[in-house]
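**Q**
Numbering (my numbering), first residue to last: 17 to 367.
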């Protein structure tokens, strides 16, 4: 199976390792490369010294995207900086190639209406890489919500914080996409997974107000802190959602909490620990998901995408879904810049 990679940094190489695990010798790797960095990474993002990425995976390298697409790959994995996603995706889709695109879709809405139209016209599989939808603890939370366990939802809290220089020890954090405005960095877009979870669980909030900015000593030109208050008025009722994101916390934290009038649940996504409580505060369920490791959700996501390519499944996270989390992130950034509450209706592909 011939797979084209556009971007082979940390996340691109994770997908590459998982495809090799799933497809074995059937995998033929082509890559459209600009930087041509040849370091090979392990699952824990340490460098495999003495290894050579292109040699070890027998990668056929292309420096021209049209040339790469002429090889007629079965699918493309777009893992370059998000500011470059849409132009590359458009070329892949126009060539009739199914796309797996890393999150977020982009750093703005330019060209996304055109991408939506091209994907719809060609009816191609297009999956956005929100791997936390494949986490068993979050899937359980989703099932509890859908069962009505919480009763009326009263509030939601989510927090993610991790010290940016510790993300990729193999590179200067100041050069990472997450640290650079010109590559679509900043904590709001780089830590967008939680916004996708909010959309997946509750639908799109009505409005958002965000405070924060570049508050620390980090040598970056993007926001390192964002605290957002969202207003939800949907099928589950009216309630607030509080989301905090930062590049600063040591040790890191990643948690999600749902408060209802009939129950409460909290999940620690670093410890993989879910606790569920009944209306009187009694512990009704606890699960540490023994045997689960972080890469399991990436593997499950990749299996699902291969099923989409083979025609036996439809994307769980469509291009339209990916657009909604991007709209929420861009509304947060607009609020941060303009110092006001921003309605989600203000942020769409037509304006």
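Cβ atoms here follow ideal geometry from the backbone N, Cα and C, with glycine treated the same way.
Source: prediction; values computed, not measured.
Once the 5 residues before and after residue 135 are set aside, which same chain residues still bring their CB inside 7 Å of it?
**A** Working through the chain shown from its first residue, we reach residue 135 at position 119. Excluding residues within five positions, the ones whose Cβ falls inside 7 Å are 109, 142, 335.
**Q** May I ask you to report which of helix, strand or coil DSSP gives residue 175?
**A** Position 159 of the chain shown, counted from the start, is the residue given in the question as residue 175. Residue 175: strand per DSSP, three-state reduction.
**Q** Look at residue 105 and residue 20 and say whether their C-beta atoms are less than 8 Å apart.
**A** The residue given as residue 105 occupies position 89 in the chain shown. The residue given as residue 20 occupies position 4 in the chain shown. No, these two residues do not count as a Cβ contact at 8 Å.
**Q** Going residue by residue through the stretch 120–147, where are the continuous beta strand (DSSP E) segments of at least 3 residues, counting only ones entirely within it?
**A** 142–145
**Q** When we look at the beta-carbon of residue 147 and count the other beta-carbons within 10 Å, is it buried (16 or more) or exposed?
**A** Here residue 147 corresponds to residue number 131 of the chain shown, with the count starting at 1. It counts as buried.
**Q** Kindly confirm or deny that the stretch 341–351 and the stretch 108–128 touch, where touching means at least three C-beta pairs closer than 8 Å.
**A** yes
**Q** Kindly identify the DSSP beta-bridge partner or partners of residue 117.
**A** Along the chain shown, read from residue 1 onward, the residue named residue 117 stands at position 101. 94, 144.
**Q** Can residue 186 and residue 61 be called in contact, C-beta distance under 8 Å?
**A** If you number the chain shown from 1, residue 186 lands on position 170. If you number the chain shown from 1, residue 61 lands on position 45. Contact flag set, yes.
**Q** Are the CB atoms of residue 261 and residue 191 nearer to each other than 8 Å?
**A** Taking the first residue of the chain shown as 1, we reach residue 261 at position 245. Taking the first residue of the chain shown as 1, we reach residue 191 at position 175. Taking 8 Å as the Cβ cut-off, residue 261 and residue 191 do not qualify as a contacting pair.
**Q** Name the two residues that bound the continuous beta strand (DSSP E) containing residue 48.
**A** The count along the chain shown starts at 1 and reaches residue 48 at position 32. First-last of the beta strand (DSSP E) with residue 48: 44–48.
**Q** Is residue 328 buried or exposed, if buried means 16 or more other CB atoms sit within 10 Å of its CB?
**A** Within the chain shown, residue 328 is the residue found at index 312, counting from 1. By the 10 Å Cβ count, residue 328 comes out exposed.
**Q** I want to know whether the stretch 247–262 touches the stretch 292–306 - three or more CB-CB distances under 8 Å.
**A** no
**Q** Please give the ranges of any beta strand (DSSP E) in the stretch 280–363, keeping only runs that are unbroken, at least 3 residues long and fully inside the region.
**A** 289–294, 299–303
**Q** Taking the beta carbon of residue 348 as the centre, do at least 16 other beta carbons fall within 10 Å, making it buried, or is it exposed?
**A** Walking along the chain shown from the start, residue 348 turns up at place 332. So residue 348 counts as buried.
**Q** Please name the residue or residues paired with residue 249 in a DSSP beta bridge.
**A** Within the chain shown, the letter at position 233 stands for residue 249. For residue 249, which the question treats as bridged, DSSP gives the partners 254.
**Q** If distances are taken between C-alpha atoms only, which option among 42, 125, 275 comes closest to residue 167?
**A** Numbered from its first residue, the chain shown carries residue 167 at position 151. The shortest C-alpha separation from residue 167 is found at 275.
**Q** Sorted by chain position, which residues of the same chain lie with C-beta nearer than 6 Å to residue 282's C-beta, five sequence neighbours on each side aside?
**A** Within the chain shown, residue 282 is the residue found at index 266, counting from 1. Answer for residue 282: 273, 291, listed in chain order.
**Q** Got a sec, what are the start and stop residues for the alpha helix (DSSP H) residue 78 sits in?
**A** Stepping through the chain shown from its first residue, residue 78 is reached at position 62. Note, residue 78: premise wrong, no alpha helix (DSSP H); beta strand (DSSP E) at 76–78.
**Q** Across which residues does DSSP place residue 395 in a beta bridge pair?
**A** Examination of residue 395 is not possible in this model, given that the chain is present from 17 through 367 alone.
**Q** Give me, in chain order, the residues of the same chain whose beta-carbon lies closer than 8 Å to that of residue 174; leave out the 5 immediate sequence neighbours on both sides.
**A** To locate residue 174, count along the chain shown from 1; it is residue 158. Taken in chain order, the residues that qualify are 210, 213, 214, 257, 258, 259, 260, 271, 272, 273.
**Q** Using the three-state DSSP reduction, which class does residue 266 fall into: helix, strand or coil?
**A** Residue mapping note: residue 266 aligns to position 250 of the chain shown, counting from 1. In the structure shown, residue 266 sits in coil (DSSP, three-state: anything other than H, G, I, E or B).
**Q** How is the alpha helix (DSSP H) around residue 233 delimited, first residue to last?
**A** Reading the chain shown from its first residue, position 217 is the one you call residue 233. Segment: none, residue 233 is in no alpha helix (DSSP H) and carries neither H nor E.
**Q** Report all residues from its chain with a CB closer than 8 Å to the CB of residue 157; omit the five preceding and five following residues, and keep chain order.
**A** What you label residue 157 is simply residue 141 of the chain shown in a count that begins at 1. For residue 157, where only same-chain residues beyond five positions count, the Cβ hits under 8 Å are 217, 272, 274, 281, 283, 290.
**Q** Find out if the Cβ-Cβ distance for the pair residue 333, residue 196 is shorter than 8 Å.
**A** The residue labelled residue 333 in the question sits at position 317 within the chain shown. The residue labelled residue 196 in the question sits at position 180 within the chain shown. In this structure, residue 196 does not lie closer than 8 Å to residue 333 by Cβ.
**Q** Hey, quick one: how far does the beta strand (DSSP E) through residue 21 stretch, first residue to last?
**A** As a first step, residue 21 is located in the chain shown; it is residue number 5 there, counting from the start. Secondary structure note for residue 21: its beta strand (DSSP E) is the uninterrupted segment 18–22.
**Q** Which full runs of the beta strand (DSSP E) of 3+ residues lie inside the stretch 158–220, going along the chain?
**A** 169–177
**Q** Evaluate residue 367 with the Cβ neighbour count: other Cβ atoms within 10 Å of its Cβ, from every protein chain shown; 16 or more gives buried, anything less gives exposed.
**A** To locate residue 367, count along the chain shown from 1; it is residue 351. The predicted model places residue 367 with a pLDDT of 39, which falls under 50 and marks its position as unreliable; any figure quoted below should be read in that light. Result: exposed.
**Q** What is the rounded straight-line gap between the Cα of residue 42 and the Cα of residue 114?
**A** The residue given as residue 42 occupies position 26 in the chain shown. The residue given as residue 114 occupies position 98 in the chain shown. The alpha-carbon atoms of residue 42 and residue 114 are separated by roughly 18 Å.
**Q** Specify the secondary structure class of residue 225 as computed by DSSP and reduced to three states.
**A** Numbered from 1 along the chain shown, position 209 holds the residue referred to as residue 225. In the structure shown, the three-state DSSP call for residue 225 is strand.
**Q** Take residue 130 and list the residues in its own chain whose beta-carbon comes closer than 7 Å to its own, dropping the five residues that flank it on each side.
**A** By one-based count along the chain shown, residue 130 stands at place 114. If we look at residue 130 and ignore the five residues flanking it on each side, its Cβ neighbours are 106.
**Q** Taking Cβ positions, are residue 360 and residue 138 nearer each other than 8 Å?
**A** Within the chain shown, residue 360 is the residue found at index 344, counting from 1. Within the chain shown, residue 138 is the residue found at index 122, counting from 1. Result no, Cβ atoms of residue 360 and residue 138 do not sit closer than 8 Å.
**Q** Could you give the DSSP three-state label for residue 100: helix, strand or coil?
**A** As a working mapping, residue 100 is identified with position 84 in the chain shown. In the structure shown, residue 100 sits in a helix (DSSP, three-state: H, G or I).
**Q** Spell out the partners DSSP gives residue 273 in its beta bridges.
**A** As a working note, residue 273 is residue 257 in the chain shown. In the DSSP output, where bridge partners are listed per residue, residue 273 has 173, 282.
**Q** Three Cβ pairs or more, each shorter than 8 Å: is that satisfied between the stretch 24–34 and the stretch 310–322?
**A** yes
**Q** For residue 56, count the other beta carbons within 10 Å of its own beta carbon; 16 or more makes it buried, fewer makes it exposed. Which is it?
**A** Here residue 56 corresponds to residue number 40 of the chain shown, with the count starting at 1. Counting Cβ neighbours within 10 Å, residue 56 comes out buried, since at least 16 surround it.
**Q** Note down the Cα distance separating residue 162 from residue 236, rounded to an integer number of angstroms.
**A** On the chain shown, residue 162 is found 146 positions in, with the first residue counted as 1. On the chain shown, residue 236 is found 220 positions in, with the first residue counted as 1. For residue 162 and residue 236, the distance between alpha carbons rounds to 41 Å.
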